[in-house]
Structures are given as C-alpha cells and as structure tokens.
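Chains as they are written, first to last, in this note's numbering: chain G, 2 to 340; chain X, 2 to 340.
First comes the structure, then the notes that go with it.
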DNA sequence: CTTGCTTTTGATATCGATAACATTTATACA
DNA sequence: TGTATAAATGTTATCGATATCAAAAGCAAG
C-alpha cells in the first residue's frame, strides 16, 4: 500500500522548470525577488508534479519550526477550547501554528508531554497552571524559548504568566451566596491533588466561610472524568443526604453544576427555590438550561488572546521587551437563574 | 528574549560522554544494541546538558514523520472529540502522534488545511466526510499515503472509508416517530450546502416522509455556529409558530435538540407530551437533561478506533493488505424520554 | 557603449540526526 | 587457546530545503 515512488522534491521542480532549486525555493514563498516570468514557470512545474513543500526539511534548514506549543488539561472542556481558539487566532496572523497537547490533569503526563513537545522545537510554549514536576520545570527553564503559564498565577512563575486567581474567583460566588443571606453553603469538587485550579476554588470556599464564621464542612469530592456531569449528580445527592438543610452549593465547574441541577430536578428539589447552585466557567450549555446556571466567567478567550500577544511580542525580539511578566485577567460573576 | 546560546546537540552529548554521536543516537532509543554501561554514561551526559532530541532532524533524517493527520469539522463537538480520542488512543501504541486540524465545515478551508498538513509529511491522513474540492481530492490522491474518509460513506471514495450512512441513521428516528403513530413531523438542520452529513440526515427525513406518504414541509434551517444551542431554540420557535400542531421534530444534532427542548420549556410546551424531540449524536449532556434526549448513537469512538486499526494495518505493509476498503458502523437509536 | 547600480539567479555549505556499511570488541564453544 | 559468532561502536553519506555569498543579467544615465 505504501507507495514506493518517492514524492517529488524541489530539485525535481527545478529540473522541470530549468532553474536552480534555490530559485524554486524563492519562487514558492512570497516577497522574495524572483522575476514574474520565472515564478510562473516554476509554479506551473510544481503544479504539474503535484509538488508540496516538505516543511520538515524547510524548518530544519531554516532553524525555525513555525509553531508554538500549548498544553491544556482536557480536550472536552469548552473553557480550554475557548482559550486555545483565541490563542490560535491570535497567532495565525504571524503564520504561527499551534501544537496542542492534553495533560489529562496529570503532572506526570504533563512532564512527558512537555518533553515530547520540546523535541519538536517550538518557538514558544504555553502551559496551563503553575504546578509541574521538578523535571518538567527544569525542561521548561532550559528550553531556551519563551514560557507562559496560564489559568493561574503561580507563586514562583517560570517566566511569564497570563492568568487569574482561582481562589479570588470562587470567592465571588460565595460572597454572592452570603449576600443573599445564606449560611449553610456547600462545595462540590474533584481531586485536589491533581488539579490546583480546583483546589484553589475549594480554598476560596474555605476562606470565605471562615471569614464569615461559617462552617465549611458541606463538601463532596468526586472522581472527575473529563467532561462529566455524573459527578455533579452524585455530589449533590451525597450533600443533600448528609446535610438536607443545605441552602446553596457551588460546583467546581458548570458541567458539575449541570449534573447537580438536573439531579435536583429528578429528586424533586427545586433550584433555586429549595437550593441554589452555582457553577464555574460560563459554559454555553449553562445559559440554556432551565434554570440557567449562575456562574463565574474567567475570560477564557481573553487568556488565549493575551498569551498570543505576549508571544508575538517576545518573538519579535527588538531587544527591549517591556511587557509585564504577569498579566492578570478579572473573573466576573454572571448572575442567572440557578443562584 | 530569544536566547542566542544554541541548544546542545547530539554531538555535544557524544563529546561529553566520549563516544560517537551514532552511539548517542542508539542509546537514546530503546531496543538498540548499546552496552548498559555506555547507555548509562550517555544518559548521564544528556541529563547534564539538558539535552532533548530534535525530532525535526530525526524525522527528516529517518524519513518518517511519526504522525498521522486528521481533519474534523469542529473542535467544540463532543462527537468528533470522541472519534479523535479513540483514534489517538489506537495509534499511541505504535508511537504515532495525531496532528489535528479543523475545517469549520468549509471545503475551501479543508483544502487549505489538507495542503498544510501534507506539507508536514504525515504517514497517513484521515478526513471527515466525502465532500472535497477538486484540488483537495487531487492532493489526497497524490499524497502517496493512506487516506481514510470517515463519518460518511462517499459514493466515490478516494481510498479507504470508515463511516456510516447518515441518511439511514436519521431514518431510524423518523421510523421511530411514525411507529408511535405521529404524522406531523418536522426537522431542524443547518446549512446543507456546507455539511453533507447534515444534508443526508435531512434527506433521510424526506425519504421517510415520502415513503409513508407524509409531508416533509415542516423544516427549519438555521445558521449553525459551532457548538450552538441557540439555533435549536430559534428553530423550534419558528416551527411551532408556523405549524403549531407539529407532533415530533428531529434535530440534526443533540446540541440543537438541547436548545429546542429547553426553549419548549420556556414556551410552556411539554416535551414529550405536547411535542416529541429527537437528537443526533448521543452527546453526554443529552443524557442528563430533563427530559433526557432520545438520540441516534453513531458510534463516534468506534469510527476512530477502526480508522486507527486500519492505518496500523496499512502502514505495517506486509504487502498483502486484505482489509476491506470500506468499513461501515451501525448507528442505533437510543430511546430516552424526549421522544 | 561603457560605467555603476539594482535585480535576478546560481553554487556551495549547512542544519542534526540516522541508515548503511565497516570495524572492533566481547563471548561461546570446540 | 584459537576460531566462529554475536554484540557494540565507529565512519561516511545522506535526507530536502535554505542561508550566504558570488555571479550574471537588466537597466539608467552620461
């Protein structure tokens, strides 16, 4: 099946067109000095042979890979997808491609992934979060390219940061609950040892409760598969069983909130009259559920946009880079029906 | 910002370890004959220098790129994500990476994307659907690598196919409506000129209606942004306004169905008592909505799995490839509450 | 039609790893 | 201990494009 006949090379095109391969190389990219007639001749020869540039050779020769790497925890997450999309759009103008990898919320997997990505010699790398293995940190520090950590504001940044405080973001929701007079408040989250963003949202819960002299015992930690609503259903069942008088619950993501709200409906519990439920992330599906989900918008797309701008600036390299090392975005509460 | 000091190369590692670079090359990959002591010495030197293999050079030299390209219409679609995930998992064993591109449902964009991907010399390419521009077809045919079309069964396949009939799949839903005694049946879809899969589902509607002597006029075509629920809401509003006695509606995807069902709830129309609503794709969110969404499961993950298996077989190249050129998967109806 | 400049084209070395072949070193067994 | 065989390591050429420098062609003005 694999064809034995080799694909045409630039030399083949050069031969057919009766020029040197260097001229072909020039003719095939814009803004290089080649006479109009020669360029047309070459284009014709290339079309005839069905020639497609071999970027591996091209990149290898020129020393530029033409792409930027980014790691995100999960593919099935509209929030990260928004970041990636904005990031990708922002870099497209500069003819920079995006190479994407998924860590599945594992730092070990992240280390492996980062190594894999660095092997391809990206021109910059963006990672989600500030929690890394020691070796991963080392690899990033020694990579010789700009490194941006996002979706978080690490205490000890590796290089640049575009993020927000998950802790402060989640406090917005709890302050909202408390401002409505609620006291018996809960939280549904995941495995905090793996996901520092989730952990910080939980810490936001503890902090706010403590600040107002309230108990932070009403908690359920679920095993979170990527893009899962089921954990939300389990979580709310367990909370309502153990503490039936719970007035408000924040979920670590809108997907969890979705599972929790729909489970309440099945249990005959009215949201928001009986219990208020808040989410995190401003996913589109939350807007259309009945009741629509009150949530925290972290500006996922903005993060991607800022990261792209930062990279373009860092790569332009006029020597005097003056942008701040840390860019913070401002999460906001989106008040809807569920809380 | 861009560091001037060059990253270490294999030769640097070789120097430090006191061996030839060929030995370094061998030591850094498994299953090659290098003595244990030498390998350790080299590993130590590599770690010391923070050396990471340059795969561009490696791939260029060996002639293998080590990855497979796949194009899908949209990133924000759980179905395609399932296919990609299964595909990716299936290829991981063979140390094949997946390079992913999004066509955004545009054949022109697809052409551009395919060219871009081929420039990187993948070892095989998977495209979604069988609708391509002429030039795109040509590029694929001349690529010299295995080509697999998925999510559809084109009349004139380029090479291999792993898909299903969208037409037959959607008929399942309409036959289900009709078996329940419904006659006034509608369809909500998107721009058929761009999405052949959506068009075939619409044709399934027309065929089934005609076969049973029913009218196929109750149709609403919406502008579909990727991952959008709003069009479902608009679609059902327009259908219920023009034909208030409609008994059942199938939506071209579960996301549309989601928008339609939640809009019915806002309009005070009971689903399924007043009107039945079916979806397509078996998205997770449909399972948790109240009412849960009756849908068609097309085996998205299975498609990815089969495609991966096929590619592994085609690349193994023992000369006598015997697998069928066309593999069909069997869509099934998942009966839930909404219809 | 010659001088001096710009534009276009060509020759050669090179990027970093690996394939293919050659050679040396270790190991087994008579 | 010597020969046969296997394992480990080294040498050289090479993948396909591009950077760099050099040469040729085109062109304007005197």
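In this text, a Cβ means the ideal position worked out from N, Cα and C, and glycines have one as well.
{"Query": "Uninterrupted beta strand (DSSP E) stretches inside the segment 29-111 of chain X (no shorter than 3 residues)", "Result": "68-73 and 98-103"}
{"Query": "Option in 70/G, 202/G and 213/G with minimal Cα separation from residue 169/G", "Result": "202/G"}
{"Query": "Anticipated Cβ contact below 8 Å, residue 71/X with residue 53/X, distance rounded", "Result": "In fact, because the Cβ distance is near 26 Å, the residues do not count as touching under 8 Å."}
{"Query": "Backbone CA spacing between residue 140/X and residue 162/G [nearest angstrom]", "Result": "41 Å"}
{"Query": "Rounded separation between residue 195/X and residue 82/X - CA only", "Result": "20 Å"}
{"Query": "For residue 334/X: DSSP bridge partner residues", "Result": "297/X"}
{"Query": "Residue 150/G Cβ short of 8 Å to the ligand SAM heavy atom set", "Result": "The ligand SAM is absent from the structure shown, which contains no ligands of any kind."}
{"Query": "Local Cβ density within 10 Å of residue 11/X, reported as buried at 16 or more and exposed below that", "Result": "buried"}
{"Query": "Minimum Cβ-Cβ distance from residue 4/G to chain X less than 9 Å", "Result": "Any reading at residue 4/G must be qualified, since the residue scores a pLDDT of 38, below 50, and its modelled position is unreliable; the value itself is stated next. Residue 4/G counts as touching chain X."}
{"Query": "First through last residue of the alpha helix (DSSP H) which encompasses residue 172/X", "Result": "167-180"}
{"Query": "Proximal residues to residue 177/G (C-beta, below 8 Å), its chain only, five neighbours per side dropped", "Result": "279, 295, 334, 336 and 340"}
{"Query": "Length of the line joining the Cα atoms of residue 231/G and residue 260/G", "Result": "6 Å"}
{"Query": "Nearest neighbour of residue 298/G, chosen from 255/G, 272/G and 311/G [CA to CA]", "Result": "255/G"}
{"Query": "Close Cβ partners of residue 115/X (< 6 Å) along its chain, the five nearest in sequence each way excluded", "Result": "137 and 140"}
{"Query": "C-beta contact flag for residue 205/X and residue 172/X at 9 Å", "Result": "yes"}
{"Query": "Distance, residue 197/G Cα to residue 154/G Cα", "Result": "11 Å"}
{"Query": "Chain X contact for residue 70/G (CB, 9 Å cutoff)", "Result": "no"}
{"Query": "Expected contact under 8 Å - CB spacing of residue 304/X and residue 330/X to nearest Å", "Result": "6 Å"}
{"Query": "CA-to-CA distance, residue 63/X to residue 300/X, given in whole angstroms", "Result": "37 Å"}
{"Query": "Interface residues of the segment 253-269 of chain G facing chain X [CB-CB below 7 Å]", "Result": "259, 260, 263, 266 and 267"}
{"Query": "Where the alpha helix (DSSP H) containing residue 1/G begins and where it ends", "Result": "Here chain G has residues from 2 to 340 only, and residue 1/G is not among them."}
{"Query": "Chain G within 9 Å of residue 288/X, Cβ atoms only", "Result": "yes"}
{"Query": "Short CB-CB distance (under 9 Å) between residue 117/X and chain G", "Result": "yes"}
{"Query": "Rounded C-alpha distance that separates residue 1/X from residue 210/X", "Result": "Not covered by the structure: residue 1/X. The range shown for chain X is 2 to 340."}
{"Query": "Endpoints, the alpha helix (DSSP H) within which residue 15/X is located", "Result": "11-18"}
{"Query": "Within chain G, partners of residue 55/X - CB distance below 8 Å", "Result": "120 and 122"}
{"Query": "Minimum Cβ-Cβ distance from residue 294/G to chain X less than 9 Å", "Result": "no"}
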